[in-house]
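Asker: Those letters in the sequence shown? Residues 443 to 720, per my numbering, in order.
Glycine included, C-beta positions come from ideal geometry on N, C-alpha and C.
Note that the structure is a prediction, hence the values are computed from the model and not measured.
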Amino acid sequence: MAESILLVTHRDRHDIAQAAAQVRQVCEHLGMTVSSHPEINPDLVLVLGGDGTILSGARQARAADVPLLGINFGHMGFLADTSGESLTRVVERIGADEYTVENRMTLDVEIIRPDGTVETNWALNEAAIMHIDPGRPVDLMFAVDGQNVSTYGADGIILSTPTGSTAYSFSAGGPVVWPDTEAIVVAPLAAHGLFTRPLVIHPNSVLEVAVLDSGNVGSDVWFDGLARQNADLGCTVRAKRGVRPVRLARLDSRPFAERLVNKFSLPVSGWRSGGVHD
């Protein structure tokens, strides 16, 4: 039984504040501890918000090595559970451990500076190397397992997990990868070069992106759009499969294909015939 819940919410939303109060009330009724402070050593992280808030909660869930359950109060909500049940019933099912857990691959990232110093971070969705000035390109060299693959000038490059393949990488023309398929997706952003197609790479490969020229302004590495670290000329960004996944709790048993169709409102009735027939 989940006895302790860390509650993470989107700020400045009256409807979410009301929902959070309801969660606290139900938890109190069930004898469960709920808090917004990670020091409680939670059994589960419950997030009320959109994908951005869920990504923020994922950082706390991964650190505590506990499952995360997201209830969507945003627009897309691809990371959220979509069971459609009442909030009261959701909390009751959490308390009864009536959920499954999906281990989602992460990326561990190192930024290696010319003087040899190394900074680290990680991402659930993606690490994106981009020029600080969105209107200017950055020259990059991309390598897989020590083999240089391509060099190009681009707005940036996205290194994505399967979970992130429906996020920024998808907007950049990358493929959708089923979340139980382990792989790393590389999606250049508006690149100029001979070989600039998105790539799907083995999850155990080590990817390196060398910053060849970012002008006088510099470039940044963004992690899930939440954390940012500088990566100027001469830096190498190295990414590989994370040592610890993010554990997503699921109340919704629908397959990923159905969630994909619903989230993107995909037309599945067929172009001419109105559907697929036997």
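Give the range of the alpha helix (DSSP H) segment to which Asn704 is assigned.
Answerer: Phe698 to Phe706
Asker: Taking Thr495 as part of the alpha helix (DSSP H), name the residues at either end of that continuous run.
Answerer: Asp493 to Ala506
Asker: My output table needs one value for Asp457: the three-state DSSP class, helix, strand or coil.
Answerer: helix
Asker: Tell me which residue opens and which closes the alpha helix (DSSP H) that Phe520 is part of.
Answerer: Where Phe520 is concerned, there is no enclosing alpha helix (DSSP H), given that its DSSP letter is neither H nor E.
Asker: Please name the residue, chosen from Asn590, Phe706 and Asp507, that lies closest to Pro480 on a Cα-to-Cα basis.
Answerer: For the residues Asn590, Phe706 and Asp507, the minimum Cα distance to Pro480 belongs to Asp507.
Asker: Among Val489, Arg696 and Gly684, which residue has its Cα nearest to the Cα of Leu549?
Answerer: Among Val489, Arg696 and Gly684, the Cα nearest to that of Leu549 belongs to Gly684.
Asker: Taking all protein chains shown into account, decide if Asp720 is buried (16 or more other Cβ within 10 angstroms of its Cβ) or exposed.
Answerer: Caution is warranted here: a pLDDT of 47 is assigned to Asp720, below 50, making its placement in the model unreliable, and the coordinate value is therefore given only provisionally. Under this definition Asp720 is an exposed residue.
Asker: Closer than 6 Å by C-beta to Gln464: which residues in its own chain qualify, once you throw out the five before and the five after it? Chain order, please.
Answerer: Leu529
Asker: Looking only at its chain, what residues have a beta carbon closer than 6 Å to the beta carbon of Ala633, apart from the 5 residues adjacent to it on each side?
Answerer: Tyr594 and Ala596
Asker: From Leu490, Gln502, Gln460 and Ser498, pick the residue whose C-alpha is nearest to that of Asn483; which is it?
Answerer: Nearest C-alpha to Asn483: Gln502.
Asker: Should Ser707 go down as buried or exposed, given a rule of 16 or more other Cβ atoms within 10 Å for buried?
Answerer: exposed
Asker: Within 8 Å, do at least three Cβ pairs link the stretch 554-566 to the stretch 660-678?
Answerer: yes
Asker: Rounded to whole angstroms, what is the Cα-Cα separation between Phe637 and Gly519?
Answerer: 33 Å
Asker: Identify the residues that DSSP records as bridge partners of His573: which are they?
Answerer: Ser661
Asker: Measuring only the C-alpha atoms, how far is Ala459 from Leu668?
Answerer: 22 Å
Asker: In this structure, how does DSSP classify Leu510 when only helix, strand and coil are distinguished?
Answerer: strand
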